[in-house]
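> Residue numbers (the numbering used here): 10 to 301.
Idealized CB from N, CA, C, for every residue including glycine.
One structure, pasted below without further comment.
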């Protein structure tokens, strides 16, 4: 599924047209995605103004003028599309349309003396593993979706000191531990593989056995990998497209992910990248570079 950089790319793509916009012509084309849409979903969005666009882990959050926050999770194939910016017009054509577009709306930006600008935004999800919610804005942090989450990997609360405490006595391997959303919010399989490779840490080592200096390196590398992917526009796996329909290019710089059997680029002896399964997920690593 789209990971943190992909979700952040979508947030940044939507921000220019949604921030401060009034929502109109909201359409809901089916009763549910992974879960049912909220009760009176269209009525509660219609006429609201989007106060800001935020991201928590892999969730998109849109605080509204109504006192509620519209929450969206992309699931595996969910995506938002921007279909046009023509003034006051409802643009019908969409990169993803038909039966796979499950809701849409118009975002109206006040142009002052220059008139209003209207953008049609759609949400399509071919596999319907995404979902949406409406939560009282004051209750977001305590909502079951967010209450147990760890710190954001790009936030100030994520540090080696945090990992030292979270990993203390932990016998579970570091790869699966980093995917635990209670330890770090938003890290996914692709970027954990890449970060462990850059930090030269074996994915099989027990989390509690990693020294603090190596965890210092790991936290820095995690931030670097995520920021590089965000700048590049995400990893562009098969089912991902960013908000304006473009493609990201970070996948062309993957060091280990998806490269099973290919030579390691970082070693002069060129050992091959291996794949193992941990916690039901594929792990790619270099057995020569990534020492225990």
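Along the beta strand (DSSP E) that carries residue 78, what are the first and last residues, could you check?
Where residue 78 is concerned, the enclosing beta strand (DSSP E) stretches over 77–82.
> For the segment 163–175 against the segment 61–79, are there 3 or more C-beta pairs whose distance is under 8 Å?
These segments do not touch.
> Taking the alpha-carbon of residue 61 as reference, which of 198, 72 and 55 has the nearest alpha-carbon?
The residue with the shortest Cα to Cα distance from residue 61 is 72.
> Under DSSP, the alpha helix (DSSP H) around residue 237 begins and ends at which residues?
Where residue 237 is concerned, the enclosing alpha helix (DSSP H) stretches over 221–241.
> Helix, strand or coil, according to DSSP, for residue 300 in the structure here?
Three-state result, residue 300: strand.
> Are residue 266 and residue 203 touching if we call contact CB-CB under 8 Å?
Contact: yes.
> Does the segment 181–191 touch the segment 232–242, meaning 3 or more C-beta pairs lie closer than 8 Å?
The segment 232–242 vs the segment 181–191: no contact.
> What is the C-beta distance between residue 131 and residue 89, in whole angstroms, given that I count them as a contact (C-beta under 8 Å)?
Right, the Cβ-Cβ distance comes to about 7 Å (below 8 Å), so this counts as a contact.
> Classify residue 198 as helix, strand or coil using the three-state DSSP reduction.
Residue 198: helix per DSSP, three-state reduction.
> Hey, could you find the ends of the beta strand (DSSP E) residue 111 is sitting in?
Residue 111 -> beta strand (DSSP E) spans 110–118.
> Using CA atoms only, rank isn't needed, just tell me which of 280, 180, 161 and 168 is closest to residue 64.
It is 161.
> Can you tell me where the alpha helix (DSSP H) with residue 65 in it begins and where it stops?
Premise fails: residue 65 lies in the beta strand (DSSP E), 63–65, not in any alpha helix (DSSP H).
> Answer with buried or exposed for residue 156, where buried requires no fewer than 16 other C-beta atoms within 10 angstroms of its C-beta.
Residue 156 comes out exposed.
> Can you give me the C-alpha to C-alpha distance between residue 281 and residue 262, rounded to a whole angstrom?
If you take the alpha carbons of residue 281 and residue 262, they lie about 17 Å apart.
> Does DSSP put residue 290 in a helix, a strand or coil?
Three-state DSSP puts residue 290 in a strand.
> What separation, rounded to the nearest whole angstrom, lies between the Cα atoms of residue 33 and residue 15?
Rounded to the nearest angstrom, the two C-alpha atoms are 26 Å apart.
> Does the segment 133–150 come into contact with the segment 108–117, if we say contact requires no fewer than three beta-carbon pairs (one atom in each stretch) closer than 8 Å?
They touch, by the three-pair rule.
> Does the beta carbon of residue 271 fall short of 7 Å from some heavy atom of the ligand ADP?
Questions concerning the ligand ADP fall outside what the structure shown contains, since it holds no ligand whatsoever.
> Taking a contact to mean a Cβ-Cβ separation below 8 Å, would you say residue 180 touches residue 208 in this structure?
Not a contact, by the Cβ cut-off of 8 Å.
> Quick check on residue 157 - is its C-beta less than 8 Å from some C-beta in chain D?
The chain inventory of the structure shown lacks chain D, comprising one protein chain alone.
> Suppose the cutoff is 8 Å on Cβ atoms and the five residues either side in sequence are ignored; what does the same chain contact list for residue 138 look like?
Same-chain partners within the cutoff: 10, 42, 43, 84, 85, 86 and 87.
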